[in-house]
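Participant:
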Ligand code: SF4
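In this note's numbering, the protein residues as written are 9 to 336.
This is the structure:
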């Protein structure tokens, strides 16, 4: 049904051995467990993202986001391979539909960097495979048949790992569907590999469909001078830019870090949209936090931001597939 058919479009990967050499002191090395973890979920680094880490800090939040640890081999009884209930909401391969008016198109399984907490780590069927051209076209045909739909969300994996020409083709097909009124693009490429974003790419994403770009920043140190350049390209093309953040233990689970993140995003003209409670992802237990603690952190964040434009909505995506609901 599906094959791995593409090479990834983006900056070259840094070899894992080089990442380990940079981040490990000799006596802390535990390569066998780390390698086993990378067999369960792929690993990939860009030099840009690696350079954001302070190698002297073993608890560095950027390191935690993307560096495999032996803890990934642990599992807990309440973890689910499909933690937000996508498989039962998939009427067509590589489509997820939880609402009548919108659907997610899973364009690829690839990412420029693989986040160790990712809820789609079993994408989409336990195998890390991309849709073939034929399977993707069948998914687009489904979107064309479903006249209740108004919005399509390009997701994955990261859709911006696809070549520009492929993205232009997909966006062109969607723009030709008369009942669609908007397009959303979910991407972490501006965080992991901002060099991927240039005028040619933005032009490939441009169509008659009003298009919203939803980014995924988790920590204020992910905001750099490159962020401003990338956001300007989207905004100049008329694409509003939002952000979703996952609340993650050891990364951003305190109001000060989240306040700095939200204020920093707004200063870059990115509207903080969602703060997601972490999902019960197998192997990601070290990122999980209790919901009561999450509510306390969000309460403090709300107080600090005065409920203003910088405040995202705190939501949870339950495993029954019913879709995001506000926490509390
Ligand atoms: S970039 Fe997104 S899809 Fe890719 S591993 Fe990270 S959270 Fe998952």
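Yeah, the Cβ is synthetic: ideal placement off N, Cα and C, and Gly gets one too.
Since the model is a prediction, treat every value here as computed from it, not as a measurement.
1) From the DSSP output, in three-state form, read off residue 43 for me.
2) By DSSP, does residue 110 sit in helix, in strand, or in coil?
3) Got a sec, what are the start and stop residues for the beta strand (DSSP E) residue 303 sits in?
4) Measuring straight from C-alpha to C-alpha, what distance separates residue 316 and residue 230?
5) Does residue 240 pass the burial test, meaning 16 or more other C-beta atoms within 10 Å, or should it be called exposed?
6) For residue 16, which residues in the same chain have their Cβ closer than 6 angstroms to its Cβ, ignoring the five residues on either side in sequence?
7) Do you know how far the Cα of residue 173 is from the Cα of residue 125?
8) Between the Cα of residue 141 and the Cα atoms of 311, 181, 323, 120, which residue gives the shortest distance?
9) Does DSSP classify residue 84 as helix, strand or coil?
10) Hey, how far is the Cα of residue 130 from the Cα of residue 90?
11) Given that a residue counts as buried once 16 or more other Cβ atoms are within 10 Å of its Cβ, and exposed if not, what is residue 144?
12) Just how far apart, CA to CA, sit residue 127 and residue 92?
13) Starting from residue 284 and walking both ways along the beta strand (DSSP E), at which residues does that stretch end?
14) Taking the C-alpha atoms as reference points, what is the distance between residue 41 and residue 214?
15) In chain order, what residues of the same chain lie with their CB nearer than 8 angstroms to the CB of residue 65, ignoring the 5 residues before and after it?
16) Can you list, in chain order, the residues of its chain whose CB lies under 8 angstroms from that of residue 31, leaving out five sequence neighbours each side?
17) Looking only at DSSP bridge pairs, what is residue 233 linked to?
18) Along the alpha helix (DSSP H) that carries residue 92, what are the first and last residues, could you check?
19) Considering only C-alpha positions, which residue in the set 163, 167, 219 is nearest to residue 352?
20) For a test of the three-state rule: what should DSSP assign to residue 139, helix, strand or coil?
21) Of the residues 284, 221, 261, 257, which one's Cα is nearest the Cα of residue 245?
22) Let me make sure I understand the geometry here. Which of 256, 26, 178, 171 has the alpha-carbon closest to that of residue 299?
23) Are there any heavy atoms of ligand 1 lying less than 8 angstroms away from the beta-carbon of residue 295, as far as the coordinates show?
24) What is the DSSP secondary structure of residue 10, reduced to helix, strand or coil?
25) Roughly how many angstroms separate the alpha carbons of residue 335 and residue 288, rounded to a whole number?
26) Would you call residue 163 buried or exposed, if buried means 16 or more other Cβ atoms sit within 10 Å of its Cβ?
27) Which residues in the same chain have their Cβ closer than 8 angstroms to the Cβ of residue 227, if we skip the five residues on either side of it in sequence?
28) Comparing alpha-carbon positions, which option in 286, 112, 46, 96 lies nearest residue 81?
29) List the DSSP bridge partners of residue 147.
30) Check whether the Cβ of residue 71 lies closer than 8 angstroms to any heavy atom of ligand 1, and answer yes or no.
31) Is the Cβ-Cβ distance between residue 322 and residue 306 less than 9 angstroms?
Facilitator: Once the coordinates are examined:
1) Residue state, collapsed to three classes: helix.
2) Secondary structure at residue 110: strand, using DSSP grouped into helix, strand and coil.
3) Careful: residue 303 lies outside any beta strand (DSSP E), inside the alpha helix (DSSP H) at 299 to 313.
4) Cα atoms of residue 316 and residue 230: separation of roughly 22 angstroms, rounded to the nearest angstrom.
5) Note on residue 240: under 16 other CB atoms within 10 angstroms of its CB, so exposed under the neighbour-count rule.
6) Hits under 6 angstroms: 118, 169.
7) The alpha-carbon atoms of residue 125 and residue 173 are separated by roughly 30 angstroms.
8) Taking only the C-alpha atoms, the option nearest residue 141 is 181.
9) DSSP places residue 84 outside both helix and strand once states are collapsed to three, so it counts as coil.
10) Rounded to the nearest angstrom, the two C-alpha atoms are 7 angstroms apart.
11) Buried: at least 16 other Cβ atoms inside 10 Å.
12) Put simply, the backbone Cα of residue 127 is about 8 angstroms away from that of residue 92.
13) Counting along the chain, residue 284 sits inside the beta strand (DSSP E) bounded by residues 279 to 284.
14) Taking the straight line joining both Cα atoms gives about 44 angstroms.
15) Apart from sequence neighbours up to five positions away, the residues of its chain that approach residue 65 with a beta-carbon distance below 8 angstroms are 71, ordered along the chain.
16) Cβ neighbours of residue 31 beyond the five flanking positions: 61, 63, 71, 75.
17) For residue 233, DSSP records no beta bridge to any residue.
18) Per DSSP, residue 92 is not a residue of any alpha helix (DSSP H), being assigned neither H nor E.
19) An answer regarding residue 352 cannot be provided, because it is not within the stretch 9 to 336 covered by the chain.
20) Correct three-state label for residue 139: strand.
21) The candidate whose alpha carbon is nearest that of residue 245 is 221.
22) The candidate whose alpha carbon is nearest that of residue 299 is 256.
23) False, no ligand heavy atom lies under 8 angstroms from that Cβ.
24) Because residue 10 sits at a pLDDT of 45, beneath the cut-off of 50, its placement in the model cannot be relied upon, and the following sentence gives the value as read from the coordinates. Annotated three-state conformation of residue 10 is strand, per DSSP.
25) Spanning the two alpha carbons is a distance of roughly 16 angstroms.
26) Label assigned to residue 163: buried.
27) Beyond the five residues adjoining it in sequence on each side, residue 227 comes within less than 8 angstroms, by CB distance, of 69, 70, 73, 259, 260, 265, 269 in the same chain, given in chain order.
28) Closest by alpha carbon: 46.
29) Answer by DSSP bridge pairing: none, since residue 147 is not bridged.
30) Not one heavy atom of ligand 1 is found less than 8 angstroms from the C-beta of residue 71.
31) Yes, Cβ-Cβ distance for residue 322 and residue 306 is below 9 angstroms.
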